[in-house]
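Let me begin by presenting the structure, written as structure tokens, before commenting on it.
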Amino acid sequence: MKRLKLEAPQLIVISYLIILAISLKFIGISYIDMINESLIKWVMNGVLVLSLVPMINVGAGRNFGLPIGISAGLLGMCIALEFRLKGWVGLGISILIGSIIAILFGYIYSIVLNRLKRNEEIVGTFVGFSFIPIMNFFWSLAPFKNRQMLYPVGGQGLRPKINLDNYFGGILDNFLKINIGKLVIPVGLILFFIILCFIVYLFQKTRMGIAMAAIPENEVLVKLSGIDINRYRTISIIFSNILAAIGVIVYSQSYGFIHLYDGPFMMAFPAVSAILIGGATKNKATVFHAILGTYLYQTTFLLSVPVANALLIPEMSEIIRMLVTNGIILYAFLYEEVRKRNEKV
């Protein structure tokens with residue numbers, strides 16, 4: 001119970017969520033429709049939030065460089081579409097190629113972070129922001145030939161949004177889907193998310209996972225025990241990037257489009273906010289934090305839109321989302337600083 005009392009962001013967001021849920025009754029919006037949409041939003045964003053867990057636990061910070069792993073997943077999907085791969089084959093090849101590219105990107109990213117320890121969050125933010133223009137240059141000049149991916153005029157450069165309807169759009173959402181009256185449960189999508197969560201959970205329970213969790217607690221002691229800290233950090237960063245690549249593939253198949261260019265630009269901030277809402281700290285995050293935080297954050301944003309449209313003005317929904325996103329991150333930094341000062345005292 002003491003642990004729950006410390007989680008002010010959770011209590012604030014849950015209270016706000018309850019107010020929004022009550023408001024739906026007065027503006028004539030179906031609760032069932034909101035639940036259906038919240039389940040999709042929960043999982044399509046959940047894998048991206050889950051990808052933060054390995055890096056947080058190894059002490060490499062909240063991964064604001066998430067666009068690096070996301071770009072690997074986008075590239076994996078573009079390669080699959082170049083060969084016109086559809087259905088489960090297209091999804092599987094996208095995940096395979098995206099994961100391989102994420103290993104390369106993650107390794108390069110780990111070299112930077114390992115050389116700039118204790119500044120990972122600032123460095124990750126700038127590396128992520130810098131990586132987007134590099135990928136934009138690549139999307140403009142990449143030698144893809146599939147006309148459905150290219151600009152209609154000139155035939156050079158990929159479109160900002162590529163439709164997945166003819167390939168593997170919604171394939172997980174529709175797999176094993178159950179209809180109970182008006183309630184629609186995307187069992188296949190949820191099952192895929194649960195499998196990834198279970199993999200991360202098992203990884204945390206391995207000898208390597210336990211050693212990684214010990215690094216931010218006492219790095220000197222871990223080093224004296226003969227553990228190669230940089231090697232373990234590299235593995236965690238690569239693992240995080242692989243999950244981010246898979247996460248954007250899951251997100252894209254639910255969204256129905258591949259969003260290139262500046263699409264991944266701000267995707268790290270909602271993910272970081274979600275896992276902080278779930279109860280994660282700077283050096284400690286669990287699968288449960290990712291699951292709970294994603295549902296609270298995404299459902300809050302989902303309910304804010306119709307309520308703002310009905311009671312306020314449409315633009316307020318985006319303002320509320322930005323307030324929640326940045327407010328939670330700011331709170332986390334302030335709380336961490338206050339905790340450090342209290343420990344010194």
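So for the sequence shown, the UniProt record's numbering puts the first residue at 1; every next one is plus one. Ideal placement from N, C-alpha and C gives every residue a C-beta, glycine not left out.
Check	Outcome
S158 - DSSP class collapsed to helix/strand/coil	Sequence inspection shows Leu at residue 158; the Ser mentioned does not correspond to that position. Looking at L158 - three-state DSSP - the assignment turns out to be strand.
Beta-carbon gap between N63 and S273 smaller than 7 Å	no
Nearest neighbour of G256, chosen from H289, I242, A280, L164 [CA to CA]	L164
Own chain residues within Cβ distance below 6 Å of G28, not counting five before or after	none
Same chain only: Cβ atoms within 8 Å of L221, ignoring 5 sequence neighbours per side	A214
Buried or exposed (CB count within 10 angstroms, at least 16 for buried), L243	buried
Candidates F265, G181, S99, I328, of which the one nearest F126 by Cα	F265
Cutoff 6 Å; reference I185; Cβ partners in own chain excluding five residues on either side	I178
Residue span of the alpha helix (DSSP H) that contains L183, given as start and end	That residue, L183, is in no alpha helix (DSSP H); its beta strand (DSSP E) goes 183-186.
Near the ligand MN: G188 beta-carbon under 6 Å from a heavy atom	Although the ligand MN was asked about, the structure shown includes no ligands whatsoever.
For I258 and M77, believed in contact at Cβ under 8 Å, the rounded distance	5 Å
Extent of the continuous beta strand (DSSP E) run through N179	177-180
Reference A308; option with closest CA among W88, G90, F26	F26
For F193 and Q148, the rounded distance between their alpha carbons	29 Å
Contact check, I108 vs I97, beta carbons under 7 Å	no
Cβ-based neighbour list, G69, same chain, cut-off 6 Å, excluding 5 preceding and 5 following	A102, N241, A244, A245
Proximity below 7 Å, CB of S304 to CB of I320	yes
Run of the beta strand (DSSP E) containing F257, from where it starts to where it stops	257-259
Neighbourhood of A310 by C-beta distance below 7 Å, restricted to the same chain and skipping five residues each side	I27
For N163: DSSP bridge partner residues	F257
E217: first and last residue of the uninterrupted alpha helix (DSSP H) it sits in	E217 -> no alpha helix (DSSP H), and no H or E assigned at all.
R84 versus Y167 - alpha carbon distance	7 Å
Nearest-angstrom Cα separation, counted from I171 out to G87	7 Å
Coil, strand or helix - L150 by DSSP	strand
Reference A280, options N230, I14, L50, closest by Cα	L50
Start and end residues, alpha helix (DSSP H) containing M55	52-57
Collapsed DSSP secondary structure at T286 in the structure displayed	coil
R231 burial status per 10 Å Cβ neighbour count (16 or more: buried)	exposed
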